[in-house]
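Engineer: Dropping a structure here in C-alpha cells format, bear with me for questions.
Numbering (our numbering), first residue to last: 1472 to 1864.
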C-alpha cells in the first residue's frame, strides 16, 4: 500500500497539489491575462504573456499553452500573514484558513466563487502558526493554532462548525511551525511543533502527554506528513537549515526514527511534497534560502532519497508548489521569490528554465478548487494581501 499524497489537506489539495490550468483565448474575445503565442491572439483587454508559447484561438489546448486570469485580491480575507487550503465543510469546494498579522485566525469558506469570512474564536491571543489535519479520526479536517508555547485544537463538528478543546497543549519552547499527524493503529494523533530554538517536537493527543524532541537538526523546518512505507502510521519530512539536510522520519508506535536523509542546497527553510514522476512515491521540493535555489529530491521505490535537479534563482525563493500547467501529464513547478512568481515547465523530463507569471515579492503559495468545476486556482500572498489567480475557460 502506497500513499503518495501529503496528509493534512483535502485529497484535492495536498500541500504541493497538482493542478490543471485550462482555458482558451479567442481572437477579439480573449480571456483577460491569458498566455498566448502571438499578439494576434490577444483580445482588446487581454494581458498576454507571449513568452510562455502555445497558441490560443480554437478552444483547444496547444502544446505548452497556459491561460489564466490576472491576480485579484480576495478582499473578504482582510490582512493575511499565512494560510492553508482544504475542503473544511465537505461541500466539494476548497476553503481557506488564515492567520492575520495581528494574530487573529479566520475561515474563508468558498461560496459560489466568493469567500465568506468567519472568525475563529481561539482561546489563544497572538496566533503565529496553524495546521490542518484529522485529529479524531472522524473524517473531518480539524485545525491547530499556536501562540507562545500553547497549542489549541479546534475540532470540526461538520454542520456545527469548529469547537475548541477546553484544554490547550503546552510545549517547552515557543511554537513557530505546526503540523498534525493523524492517528494510526495503536497510536493517537500527534501534534508536531517547531520551537523558536529550531527543534522539532511531537506530542500525542492523550491526557497527560508531554512533548518529546525529535532529532532532525537544530534549525529545523517541518515538511509534509505522509505515508512513506507500507504501514498505517503517518511519517514526516523535515529540513535542517544548518546542515543542509532533508530527513524522513518514520513513525513508530513509540515515536519516530530517521528512515532516510539527503543533503540539499544551502540553507533550506521549507519543504513540500508532490509525486513529481508519477511512480506512487512522494518526491520533495526544498526551499534553499542561502543557495537561492529549489532542490528537487525524488523518493525512490527502495524508500530512499535521490537528488534529481536544482533550480537556481537570482534572489531567495520564498515558497514552492507544483502543477501540471500545460496539461501534458508532467508536473511543472511554481516558485515564489522575493521579486516574482515563476513557472518552471517540465520539458523532456527536466526543468530547463523559469518564466515570470507575476511581478512582486511572494510570501506564500497555495492552490485550490473553489468553484463547482474541476479547475484549480492559484493563491498568492503578497505583502499581507491574499490574491487569487483564477482559471477562466
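We treat Cβ as the ideally placed atom computed from N, Cα and C, and that holds for glycine.
Keep in mind that this is a model prediction, so the values were computed, not measured.
Is it true that the CB of residue 1662 sits closer than 8 Å to the CB of residue 1615?
Structural biologist: Taking the chain shown and counting its residues from 1, one reaches residue 1615 at position 144. Taking the chain shown and counting its residues from 1, one reaches residue 1662 at position 191. A contact, by the Cβ cut-off of 8 Å.
Engineer: On a CA-only basis, which of 1712, 1833 and 1685 is nearest residue 1706? Give me that one, please.
Structural biologist: Position 235 of the chain shown, counting from 1, holds the residue named residue 1706. Closest option to residue 1706, Cα to Cα, is 1685.
Engineer: Taking only the alpha-carbon atoms, compute the straight-line gap between residue 1681 and residue 1606 and give it to the nearest angstrom.
Structural biologist: On the chain shown, position 210 is the one that residue 1681 refers to. On the chain shown, position 135 is the one that residue 1606 refers to. The straight-line gap from Cα to Cα measures roughly 17 Å.
Engineer: Using the rule of at least 16 other Cβ atoms within 10 Å of the residue's Cβ for burial, across every protein chain shown, is residue 1725 buried or exposed?
Structural biologist: Stepping through the chain shown from its first residue, residue 1725 is reached at position 254. Exposed, since its Cβ has fewer than 16 Cβ neighbours within 10 Å.
Engineer: Give me the Cα-Cα distance between residue 1847 and residue 1780, rounded to the nearest whole angstrom.
Structural biologist: Here the question's residue 1847 lines up with position 376 in the chain shown. Here the question's residue 1780 lines up with position 309 in the chain shown. Between residue 1847 and residue 1780, the C-alpha separation is close to 26 Å.
Engineer: Using the Cα positions of residue 1814 and residue 1828, report the straight-line distance between them to the nearest angstrom.
Structural biologist: Here residue 1814 refers to the residue found at position 343 when the chain shown is read from its first residue. Here residue 1828 refers to the residue found at position 357 when the chain shown is read from its first residue. Each residue's Cα considered, the two are about 7 Å apart.
Engineer: Just verifying my parser: in three-state terms, what is the DSSP assignment at residue 1629?
Structural biologist: Stepping through the chain shown from its first residue, residue 1629 is reached at position 158. Here residue 1629 sits in helix by DSSP.
Engineer: Thinking residue 1754 and residue 1744 are a contact (beta carbons under 8 Å), I'd like their distance in whole angstroms, please.
Structural biologist: Indexing the chain shown from 1 puts residue 1754 at position 283. Indexing the chain shown from 1 puts residue 1744 at position 273. Indeed they touch by this definition, with Cβ atoms about 7 Å apart.
Engineer: Quick check on residue 1821: buried or exposed, where buried means 16 or more other Cβ atoms within 10 Å of its Cβ?
Structural biologist: Residue 1821 sits at position 350 when you count from the first residue of the chain shown. Residue 1821 is exposed by the Cβ-count criterion.
Engineer: Assign residue 1563 to buried or exposed, taking buried as 16 or more other Cβ atoms, counted over all protein chains shown, within 10 Å of its Cβ.
Structural biologist: Stepping through the chain shown from its first residue, residue 1563 is reached at position 92. Flag for residue 1563 reads exposed.
Engineer: Going by the DSSP bridge assignment, what does residue 1830 pair with across the sheet?
Structural biologist: The residue given as residue 1830 occupies position 359 in the chain shown. Per DSSP, 1811.
Engineer: Quick one: using the 10 Å Cβ neighbour count with 16 as the cut-off for buried, is residue 1573 buried or exposed?
Structural biologist: Numbered from 1 along the chain shown, position 102 holds the residue referred to as residue 1573. The residue is exposed, with fewer than 16 neighbouring Cβ atoms inside 10 Å.
Engineer: Exposed or buried, which one is residue 1542 when buried takes at least 16 other CB atoms within 10 Å?
Structural biologist: Taking the chain shown and counting its residues from 1, the one referred to as residue 1542 is at position 71. So residue 1542 ends up on the buried side.
Engineer: List the whole-angstrom C-beta distance separating residue 1716 from residue 1688, where the pair is believed to meet the contact cut-off of C-beta under 8 Å.
Structural biologist: Here residue 1716 refers to the residue found at position 245 when the chain shown is read from its first residue. Here residue 1688 refers to the residue found at position 217 when the chain shown is read from its first residue. The pair is a contact, with the Cβ atoms about 6 Å apart (cut-off 8 Å).
Engineer: So residue 1678 and residue 1608 are in contact, right, with Cβ under 8 Å, and what is the actual spacing, rounded?
Structural biologist: On the chain shown, residue 1678 is found 207 positions in, with the first residue counted as 1. On the chain shown, residue 1608 is found 137 positions in, with the first residue counted as 1. Between residue 1608 and residue 1678 the Cβ distance is about 17 Å, and since that is not below 8 Å, they are no contact.
Engineer: So, under 8 Å CB-CB, residue 1800 and residue 1832 are touching, yes? Tell me the CB distance rounded to an integer number of Å.
Structural biologist: Reading the chain shown from its first residue, position 329 is the one you call residue 1800. Reading the chain shown from its first residue, position 361 is the one you call residue 1832. At roughly 32 Å, the Cβ-Cβ gap does not stay under 8 Å, so residue 1800 and residue 1832 are not in contact.
Engineer: Mapping DSSP to helix, strand and coil, what is residue 1568?
Structural biologist: The residue you call residue 1568 lines up with position 97 of the chain shown. It is a strand residue.
Engineer: Looking at the structure shown, is residue 1792 part of a helix, part of a strand, or coil, going by DSSP?
Structural biologist: Your numbering for residue 1792 matches position 321 in the chain shown. Of the three classes helix, strand and coil, the one that applies to residue 1792 here is strand, per DSSP.
Engineer: Which of the three DSSP states is assigned to residue 1547 in this structure?
Structural biologist: The residue labelled residue 1547 in the question sits at position 76 within the chain shown. Helix at residue 1547.
Engineer: Could you tell me which of 1787, 1650 and 1741 sits nearest to residue 1697, measuring between CA atoms?
Structural biologist: Along the chain shown, read from residue 1 onward, the residue named residue 1697 stands at position 226. Of 1787, 1650 and 1741, the residue nearest in Cα terms is 1650.
Engineer: Using the rule of at least 16 other Cβ atoms within 10 Å of the residue's Cβ for burial, across every protein chain shown, is residue 1566 buried or exposed?
Structural biologist: Within the chain shown, residue 1566 is the residue found at index 95, counting from 1. Buried, because 16 or more other Cβ atoms sit within 10 Å of the Cβ of residue 1566.
Engineer: According to DSSP, is residue 1692 part of a helix, a strand, or is it coil?
Structural biologist: As a working mapping, residue 1692 is identified with position 221 in the chain shown. The answer is strand: DSSP assigns residue 1692 an E or B state.
Engineer: In terms of residues, what are the limits of the beta strand (DSSP E) holding residue 1711?
Structural biologist: Residue numbering aside, residue 1711 sits at position 240 when the chain shown is read from its first letter. Note, residue 1711: beta strand (DSSP E), 1706-1711.
Engineer: Kindly indicate which three-state DSSP category residue 1516 falls into: helix, strand or coil?
Structural biologist: Stepping through the chain shown from its first residue, residue 1516 is reached at position 45. Residue confidence is low: residue 1516 scores 38 on pLDDT, short of 50, so the model does not pin down where it sits. Its coordinate-derived value is still stated next. Coil at residue 1516, not helix or strand.
Engineer: Closer than 8 Å, CB to CB, is residue 1571 near chain C or not?
Structural biologist: In the structure shown, chain C does not exist; there is a single protein chain.
Engineer: Here's the rule: buried if 16 or more other CB atoms are within 10 angstroms of the residue's CB, otherwise exposed. What is residue 1713?
Structural biologist: As a position in the chain shown, residue 1713 is number 242, starting the count at 1. Result: exposed.
Engineer: For residue 1771, which residues in the same chain have their Cβ closer than 6 Å to its Cβ, ignoring the five residues on either side in sequence?
Structural biologist: As a position in the chain shown, residue 1771 is number 300, starting the count at 1. 1777.
Engineer: Going by C-alpha to C-alpha distance, which of 1620, 1758 and 1635 sits closest to residue 1804?
Structural biologist: Along the chain shown, one-based indexing puts residue 1804 at 333. Nearest of 1620, 1758 and 1635 to residue 1804, Cα basis: 1758.
Engineer: From which residue to which residue does the beta strand (DSSP E) around residue 1727 run?
Structural biologist: Stepping through the chain shown from its first residue, residue 1727 is reached at position 256. Note, residue 1727: beta strand (DSSP E), 1727-1734.
Engineer: Is the CB-CB distance between residue 1622 and residue 1581 below 8 Å?
Structural biologist: Within the chain shown, the letter at position 151 stands for residue 1622. Within the chain shown, the letter at position 110 stands for residue 1581. No. Outside cutoff.
Engineer: Determine the closest residue to residue 1795 out of 1784, 1817 and 1807, with distance taken between C-alpha atoms.
Structural biologist: Taking the first residue of the chain shown as 1, we reach residue 1795 at position 324. Residue 1795 has its Cα closest to that of 1817, out of 1784, 1817 and 1807.
Engineer: Report the partner residues of residue 1766 according to the DSSP bridge assignment.
Structural biologist: Working through the chain shown from its first residue, we reach residue 1766 at position 295. In the DSSP output, where bridge partners are listed per residue, residue 1766 has 1757 and 1781.
Engineer: Out of 1751, 1560 and 1570, state which residue places its alpha-carbon closest to the alpha-carbon of residue 1855.
Structural biologist: Sequence index remark: in the chain shown, residue 1855 carries index 384 (1-based). The candidate whose alpha carbon is nearest that of residue 1855 is 1570.
Engineer: Using a Cβ-Cβ cutoff of less than 6 Å, which residues in the same chain neighbour residue 1845 once the five nearest sequence positions on both sides are dropped?
Structural biologist: Position 374 of the chain shown, counted from the first residue, corresponds to residue 1845. If we look at residue 1845 and ignore the five residues flanking it on each side, it has no Cβ neighbours.
Engineer: Within 10 angstroms of the Cβ of residue 1701, are there 16 or more other Cβ atoms? Answer buried if so, exposed if not.
Structural biologist: If you number the chain shown from 1, residue 1701 lands on position 230. Result: exposed.
Engineer: Is residue 1738 closer than 8 Å to residue 1762 when the C-beta atoms are compared?
Structural biologist: As a first step, residue 1762 is located in the chain shown; it is residue number 291 there, counting from the start. As a first step, residue 1738 is located in the chain shown; it is residue number 267 there, counting from the start. A contact, by the Cβ cut-off of 8 Å.
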